[in-house]
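Trainee: Following this message is one structure expressed as structure tokens.
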Amino acid sequence: MTARTRTRSAQSGARADRRRAALAALLAGAVLLTGCGAGAQSDGTSAEGGQRRADGAPAPVPPDGGGRAAEGDRGEGADGAQDADKGDAVRAPDLVSTFALDVDTASYGYARRTLAAGRLPDPGSVRPEEFVNSFRQDYPRPEGNGFSVTVDGARVANGDGGNWSLMRVGLATRPSGRTAERPPAALTFVVDISGSMAEPGRLDLVKQSLGILTDQLRDDDSIALVTFSDEAETRLPMTRLDGNRDRIHEVVASLEPTDSTNVEAGVSTGYDVAVEGRRRGANNRVVLLSDALANTGETEADAILERIGSARKEFGITLFGVGVGSEYGDQLMERLTNRGDGHTTYVSTPAQARKVFVDQLPAHLELRARDAKAQVAFDRGAVEEFRLVGYENRHVENEDFRDDRVDGGEVGPGHAVTALYAVRLKEGASGHVATATVRWLDPRTRAPHEATGSVEAAGIDGDLWAGETPPRLQVSAAAAYFAQRLRGAETPGAPRLGDLAERADGLARRTEDASVRQLAESIRSADKLLG
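Position one of the sequence shown corresponds to residue 106 (the working numbering), numbered consecutively onward.
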């Protein structure tokens, strides 16, 4: 961020020094602000340089990266989850928001487990986008291998007198066809057998899950198995399942917990085995199953990240993280999978494990998109300010939207990604409000593609909780409001938790969705704990 300071009169060198010190402090404070969106210039012009589309929308940032984000207007930082959305919002003309897509759900799964045990989750482990993306959506699916883009929303209660709406940006991929149509898979399982995994619901659940998956995969798929405690050991090199299922079951059954947790050794050895056993034309992936409570070796993520990043870039090997345990290193697991272009989930029951390893993993071994990013451009004639709910750890600079060297998110078949924005419209606003663009690379050819969708003021003007509002939009709102409350953040239109639980109960009956009923139970548990 560049600022030019002129002194009208300098009465003394000491006074000028004080001015410069005060300005430096002011600029430093601006860097720490947690507003959403990025792209304002120091002279007040927009990040897109004032360009507009034919329909009147602000044009997404051009390929040459026109307009660099002002430091003080950058999206909520990765370190500021607890302070996010507490009133700092992006005001016009800074009306572009860019983030990498994220299909993680571990934050919500672990929060549910923690609440069921009678404890509140650590606010730093609560990521609203993972709460929202844990629920089925109603978006249309594209016919091809790209994305559909849906933008809608509804007005929220305005206790502060503002004209706020909740806007939903929904991105969806086409489900996979028959399992036999996908390429073969080469999976390297990296299993934590440290002493902490002895707790019921950890290693026993992992062994059960691997046994189920061994029976579900195809004969032409391959499995390797690495275990780690204080050191790592290769228990099974890359092995075709055809004729070897009994051998794989025996290796899995022999796993027993012991010693400390050296995640670094496990991940490094796992990637060595994956690289050595990789198969051309197959979906090569490392699957880390752990409570991620590193206490031996390199316990910080940075040293482990370097190994993951090089294997991803050179060989295209992605990382899928499965978290277990009542105590779980959520933030370490998320950082690892982000670098590995994968995603995380969390399991605590056999039913959840079956859903992940039987219903999801085999179907999602292939990818629909690599390095997928979304950019939302708001119309300055209609929008006063906006707040992106969550995605702090997935922030992308506006000018990097079309820089395909910048990492995005990996999205598989049948996935839906949702981003919610609190949007304050100008008085009497009508017409175009926002255009959402998703950009991704073809997983095989690396060719870039884009798709867009937009919304008018009338499209976000209905009452959020009215009967005609899409129920899946209401579920998304309930999940987001819940997450924001757990991390101590304020969001326009948020009901009290007791009222939100009642809303979720009604939505569970309306959708006949057991997962929404579980959401209501978790909200009610949090309400009791928060008093």
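Note that the Cβ used here is the ideal one computed from N, Cα and C, for glycine as well.
1) Which residues in the same chain as Val356 place their Cβ atom closer than 8 Å to its Cβ, once the five residues preceding and following it in sequence are excluded?
2) Are the segment 295 to 308 and the segment 531 to 544 touching, with three or more C-beta to C-beta distances below 8 Å?
3) Which class does Val641 belong to by DSSP, given the choice of helix, strand or coil?
4) Apart from the five residues on each side of it in sequence, which residues of its chain come closer than 7 Å, Cβ to Cβ, to Gly636?
5) What did DSSP end up calling Ser395 once you bin it into helix, strand or coil?
6) Looking at the secondary structure, which residues open and close the alpha helix (DSSP H) in which Pro576 lies?
7) Alpha carbon to alpha carbon, how far is Asp227 from Gly348?
8) So which of Ile353, Leu315 and Ile409 has the shortest CA-CA distance to Asn367?
9) Just the C-alpha distance for Asp604 and Phe462, rounded to the nearest angstrom, thanks.
10) Between the Cα of Ile317 and those of Ala211, Thr255 and Lys460, spot the shortest distance and give me the residue it belongs to.
11) I'd like to know whether the C-beta atoms of Pro576 and Leu612 end up nearer to each other than 8 Å.
12) Measuring straight from C-alpha to C-alpha, what distance separates Gly447 and Glu504?
13) Is the segment 555 to 565 touching the segment 580 to 597, taking contact as three or more C-beta pairs under 8 Å?
14) Spatial neighbours of Ala609 within its chain, please: C-beta separation below 7 Å, excluding the five flanking residues on both sides.
15) Where does Pro342 fall in DSSP's three states?
16) Roughly how many whole angstroms lie between the Cα atoms of Leu394 and Ala337?
17) State the CB to CB distance for the pair Tyr244 and Gly275, rounded to an integer number of angstroms; the pair is presumed to be in contact (CB under 8 Å).
18) Would you mind giving the Cβ-Cβ distance between Val488 and Lys531, rounded to the nearest angstrom? I have them listed as a contact below 8 Å.
19) Tell me whether Arg390 is buried or exposed, calling it buried when 16 or more other Cβ atoms sit within 10 Å of its Cβ.
20) Report the rounded CA-to-CA distance for Glu573 versus Ala290, giving the unit in angstroms.
21) Can you tell me which of the three DSSP states Asp297 falls into?
22) Pick helix, strand or coil for Asp190, following the three-state DSSP scheme.
23) Our contact map puts Arg72 next to Val372 with C-beta atoms below 8 Å; I'd like the distance itself, whole angstroms only.
24) Look up Gly598 in the DSSP assignment and say whether it is helix, strand or coil.
25) Using the C-alpha atoms, what's the distance from Ala524 back to Gln457?
26) On the CB-based measure, 16 or more other CB atoms within 10 Å of its CB, does Glu490 come out buried or exposed?
27) Mind checking whether Pro247 and Asn388 have CB atoms under 8 Å apart?
28) Determine the DSSP secondary structure at Ser535, reduced to helix, strand or coil.
29) Would you tell me roughly how many angstroms separate the C-alpha atoms of Ala521 and Ser253, rounded to the nearest one?
30) To the nearest angstrom, how far is the alpha carbon of Thr332 from that of Ser212?
31) Go ahead and label Glu432 buried or exposed: buried means 16 or more other beta carbons lie within 10 angstroms of its beta carbon, across all protein chains shown.
32) Look up Glu176 in the DSSP assignment and say whether it is helix, strand or coil.
33) What residue from Leu360, Ser334 and Tyr451 has the CA that sits closest to Gln436's CA?
34) If you follow the beta strand (DSSP E) that Phe204 is in, where does it begin and where does it stop?
Mentor: Judging by the given coordinates:
1) Leu330, Arg340 and Leu341
2) no
3) Outside the displayed span of the chain (106 to 636) sits residue 641, for which this structure offers no information.
4) none
5) strand
6) Pro576 to Leu591
7) 46 Å
8) Ile409
9) 35 Å
10) Lys460
11) yes
12) 24 Å
13) no
14) Ala583, Val621, Leu624, Ala625 and Ile628
15) strand
16) 14 Å
17) 4 Å
18) 7 Å
19) buried
20) 44 Å
21) strand
22) In this prediction, Asp190 scores a pLDDT of 44, lower than 50, which makes its location untrustworthy; the coordinate-derived value is nonetheless stated afterwards. Three-state result, Asp190: coil.
23) Nothing about residue 72 can be read from this structure; the chain reaches only from 106 to 636.
24) coil
25) 24 Å
26) buried
27) no
28) coil
29) 9 Å
30) 25 Å
31) exposed
32) For Glu176, the predicted structure reports a pLDDT of 31, less than 50, and the residue's modelled location is therefore unreliable. A value from the coordinates is still provided. In the structure shown, Glu176 sits in a helix (DSSP, three-state: H, G or I).
33) Tyr451
34) Val201 to Ala205
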